[in-house]
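Chemist: Same order as they appear, the protein sequences are chains A and B. Using this note's numbering, you'd call the opening residue of the first sequence number 2 and step up by one each time. Using this note's numbering, you'd call the opening residue of the second sequence number 103 and step up by one each time. Every residue, glycine too, gets a C-beta built ideally from N, C-alpha and C.
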Amino acid sequence: MANDDKRIGGALAAAACGLLGTAAPAISQGAEPKGKWDVDSALLYYGEGDGRVQDLSLTAIGVRDFGDERKLSLDATIDTLTGASPSGAIVADRPQTFTSPSGGGTYTTPAGDIPLDDSFHDTRFALNAGWSQPLGRLFSFNAGLGLSSEYDYQHIGVNAGLTRDFNQRNTTLSMAVAYGKDTVKPVGGIPTPFTQMPDAAGDDDGDDEDQPNRSGSSEDKDVLDVLLGVTQVLGRHSLLRVNYSYSDSSGYLTDPYKILSVVDPLTGEPVVRTPPPGAEGPTGIYLFEHRPDSRRRQSLYGELRQDFSGKVLQLGYRYSTDDWEIDSHTLEGRLRMPLGESSYLEPHLRYYTQTAASFYRYSLADGAALPGFASADARLADLDAYTLGLKYAHQTSGGNEWSARLEFYHQVSKPPSETLIGNQAGNVRMPDFDAVILQFGYHFKL
Amino acid sequence: MGSPCEVLVDTVHEQPAQAVASAVAACAWRIERKFSRYLDDSVVTRINRDAGTRIEVDDETARLLDFAELAWRVSGGKFDVTSGVLRRAWKFEAGARTPDERAIRELLPYIGWQKVSWHRPWLTLQPGMEIDFGGIGKEYAVDVALAAAAEITPDPVLVNFGGDLAATGPQRDGRAWRVGVEGISSARIPWTLELSGGALATSGDTYRFIDDGGERRPHILDPRSGEPVREAPHSVTVAAANCTEAGMWCTLAMLEGAGAEAFLELEGLRHWIQRGLPGRV
């Protein structure tokens, strides 16, 4: 300091005057008494356009500090999903009738519309508990247990992690492992892959074994995730985080409600089928999809946080690649701008792009040999997604904080041209959509 | 304050002198109660107890934190209000042994203002970290007390809290206040300084030191290494416009070690530095 011939006198004298300037001290109390629980609660609405999926979700996360860095966290979520989601069948220039997943009835999609399975509604409950504590001076340990349940899906998961600080706590290395076991018990049973959507049984007695083209009532999936991360303080005003993660899923990874249209190999139009007399059933040939029974994904994430005298910029980039050949890039930015002493405004931009899964098909050609695996789920297609959002948060004098967040999401996908058949190139319709996300949050002490 | 406090009023009226004395005492007690890390209900104790969570601090504490942050910045991290945890390894009592390097290394993760999140009025310390206003609090109290005294009487007042002092102006007869400064232990002869306004602060090892194999090491620690500053002067006295500033100059000069004199010369400050003969006591 003295060596670089840069005097500090002026700054220090000014600061001392600043300290004493209003030296008649306000007789006020300092920090407010601490509550036992720190609670973050949020109400979130997610709505896709055109009457598709709507989700209303209520979450509460409570953290209880037992001192000495020992913390218990509990969170509970309840979700209500309604609306319709694309089934995978393609648009046709005539009405198409499908058998509902339960096998008990049919529904018809008008000509020119993307077929949606509108029997989609669900309530989901999730509970998670976690514990963290230091191990010695430099290590910290955490472990957790999670459960979630909806009418056709159960999840149980455990996780554990270890972090270690180095370099005067300027560097933190972390490692985490999570294991989850999921059980899917779809309405109507597990469809046998690549078999045809059957006619409606007409007697929905709920006994899955009666249904044709079904193999059992439930299937399992195991997911193992490993994460390695390093966080580095780059100075008083910036922080860099880099994470590598590896995820291995095995078991039933197929979506039991997704189908593929079988089309004429010359025209690319859906094959027309007439149900047997007296029966209700599909007016086309639709095969249940079939995905590989394992998926290994690796991703690398980098995040930089920079404080520009009160404004905090957060930039993130993720690259992810997997053995389904879905490679993705995510670019995300947030800028927190203080408004006065106790509020801030935070715009948010996100861009996401992915390549299609190797087995993604727009449709299947009639008479051609079946591929090993196939899915027409647009979420596995070549797609781009954009998010634009704004958050406003306000801290109350009591130390609580409420916030509101509004975001718009736009997703566009396109089928890889080599999967198109006949004249499809001219009249492809992908189930693209816009969604709006509205969230209210409240942070308080209990 | 952990040291004797006195107030001198150069007046012929007894009543205002009494009022000044009580006002100064009230300031001293209020600031001690609020910022002492030894008292269970002080703001500092609460901040330290709540390390790891975000807390809101009052305006006065916020101004002290702003000042501490600026001092940290201009000193390149040498002055740091989070360095007090090093006390766990160093005990400044006669005959205290040098702590082992491991004990210091284990404390370093809990030191460093760069690890503190301070967005007025919101303060978050990392778990295990502590702050204290040693090096600021007593000097600040002198200035606040002197301001309170000046509200009561137009007569000259001098406030002295354990050797850190400030005066509203010269004595009524125009002469400067004569201030005794305790000498180093090998020459216990007080010497005097003249003060006709502003403040004087002193930092040094007159009372507290450790004996490390013959080298007397004063109690100024470099928070970046956890080690006492080598070749630090035995005492530094600086004159400045107010006691808070003077005290900070003393601390920063001590932290310069062998460069203390050059540092204060460069800054153009009136100062008195004592470097006694090294040797056993």
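Give me the Cα-Cα distance between V109 of chain B and V126 of chain B, rounded to the nearest whole angstrom.
Modeler: 7 Å
Chemist: Is it right to say W131 of chain B is buried, meaning 16 or more other beta carbons lie within 10 angstroms of its own, or is it exposed?
Modeler: exposed
Chemist: Can you list the residues of chain B that V234 of chain A reaches, using a CB-CB cut of under 8 Å?
Modeler: Q216 and K217
Chemist: Which residue wins for smallest C-alpha separation from T226 of chain B, given the options B:R151, B:R189, B:D182 and B:A252?
Modeler: Looking at the Cα atoms, B:R151 is the closest of the given residues.
Chemist: What's the C-alpha gap between K312 of chain A and M338 of chain A?
Modeler: 5 Å
Chemist: Decide if G50 of chain A is buried, meaning its Cβ has at least 16 other Cβ atoms within 10 Å, or exposed.
Modeler: The residue is exposed, with fewer than 16 neighbouring Cβ atoms inside 10 Å.
Chemist: Any beta carbon from chain B within less than 8 Å of E70 of chain A's own beta carbon?
Modeler: yes
Chemist: So L153 of chain A and K182 of chain A are in contact, right, with Cβ under 8 Å, and what is the actual spacing, rounded?
Modeler: For the sequence presented, residue 153 of chain A should be read as Asp rather than Leu. With a Cβ gap of about 16 Å, D153 of chain A and K182 of chain A do not count as contacting.
Chemist: Leaving out the 5 sequence neighbours to the left and right, which residues in its chain are closer than 7 Å to S185 of chain B when beta-carbon positions are compared?
Modeler: I213, L323 and P325
Chemist: Quick check on N428 of chain A: buried or exposed, where buried means 16 or more other Cβ atoms within 10 Å of its Cβ?
Modeler: exposed
Chemist: To the nearest angstrom, how far is the alpha carbon of T147 of chain B from that of L21 of chain A?
Modeler: One C-alpha to the other measures close to 23 Å.
Chemist: Note down, in chain order, every chain A residue with its Cβ under 7 Å from the Cβ of L141 of chain B.
Modeler: Simply none; closest approach about 12 Å.
Chemist: Within its chain, find whatever has a CB closer than 7 Å to the CB of S296 of chain A; leave out the 5 residues flanking it on each side and keep chain order.
Modeler: As written in the sequence, residue 296 of chain A is Arg, which differs from the Ser given in the question. Correct list, in chain order: S250, L254, D323, D324 and W325.
Chemist: When you compare each of B:A191, B:E347, B:R377 and B:D160 to S144 of chain B by their alpha carbons, which one comes out closest?
Modeler: B:D160
Chemist: What residue range is occupied by the uninterrupted alpha helix (DSSP H) comprising M356 of chain B?
Modeler: C345 to L357
Chemist: According to a CB-to-CB cut-off of less than 7 Å, which residues of the segment 326-352 of chain B neighbour chain A?
Modeler: A343, N344, T346, E347 and M350
Chemist: Suppose contacts are defined by Cβ-Cβ distances below 8 Å. Is A358 of chain A in contact with L261 of chain A by that definition?
Modeler: no
Chemist: Taking 8 Å as the threshold (beta carbon to beta carbon), is L20 of chain A in contact with chain B?
Modeler: yes
Chemist: Is V64 of chain A helix, strand or coil when you go by DSSP?
Modeler: strand
Chemist: The beta strand (DSSP E) with L141 of chain B in it runs from where to where?
Modeler: Per DSSP, L141 of chain B belongs to no beta strand (DSSP E) and is neither H nor E.
Chemist: If we cut at 8 Å on Cβ distances, does G131 of chain A have a partner in chain B?
Modeler: No - not a single Cβ of chain B is within 8 Å of the one on G131 of chain A.
Chemist: Is there a C-beta anywhere in chain A that falls below 8 Å from the one on T155 of chain B?
Modeler: yes
Chemist: I'd like to know whether the C-beta of E134 of chain B is nearer than 8 Å to at least one C-beta of chain A.
Modeler: no
Chemist: Can you find a C-beta in chain A that's less than 8 Å from the C-beta of R405 of chain B?
Modeler: Examination of residue 405 of chain B is not possible in this model, given that chain B is present from 103 through 383 alone.
Chemist: When you compare each of B:V331, B:G300, B:G306 and B:G271 to R372 of chain B by their alpha carbons, which one comes out closest?
Modeler: B:G300
Chemist: Suppose contacts are defined by Cβ-Cβ distances below 8 Å. Is Q355 of chain A in contact with R406 of chain A by that definition?
Modeler: no
Chemist: Can the beta-carbon of P335 of chain B be found closer than 8 Å to that of M350 of chain B?
Modeler: no
Chemist: Compare the Cα-Cα distances from G230 of chain B to each of A:L128, A:R138 and A:A130 and report the closest residue.
Modeler: A:R138
Chemist: Compute the Euclidean distance between the alpha carbons of T109 of chain A and Q212 of chain A, then round it to the nearest angstrom.
Modeler: As the crow flies, the alpha-carbon of T109 of chain A is around 21 Å from that of Q212 of chain A.
Chemist: For chain B, is any of its Cβ atoms less than 8 Å away from the one on D41 of chain A?
Modeler: no
Chemist: Beta strand (DSSP E) containing P135 of chain A: first to last residue?
Modeler: That run of the beta strand (DSSP E) goes D123 to L136.
Chemist: If I'm right that R362 of chain A touches T268 of chain A with Cβ under 8 Å, what's the distance once you round it to whole angstroms?
Modeler: Not confirmed; about 17 Å, so no contact.
Chemist: Would DSSP call V272 of chain A helix, strand or coil?
Modeler: coil
Chemist: Could you tell me which residues DSSP pairs with I79 of chain A in its beta bridges?
Modeler: A:L59 and A:F126
Chemist: So for N171 of chain A, helix, strand or coil by DSSP?
Modeler: The answer is coil: DSSP assigns N171 of chain A none of H, G, I, E or B.
Chemist: Find the residues of chain A that neighbour V176 of chain B, judging by a C-beta separation of less than 8 Å, and give them in chain order.
Modeler: One finds M2, I9, A12 and L13 in chain A with Cβ atoms closer than 8 Å to the Cβ of V176 of chain B, taken in chain order.
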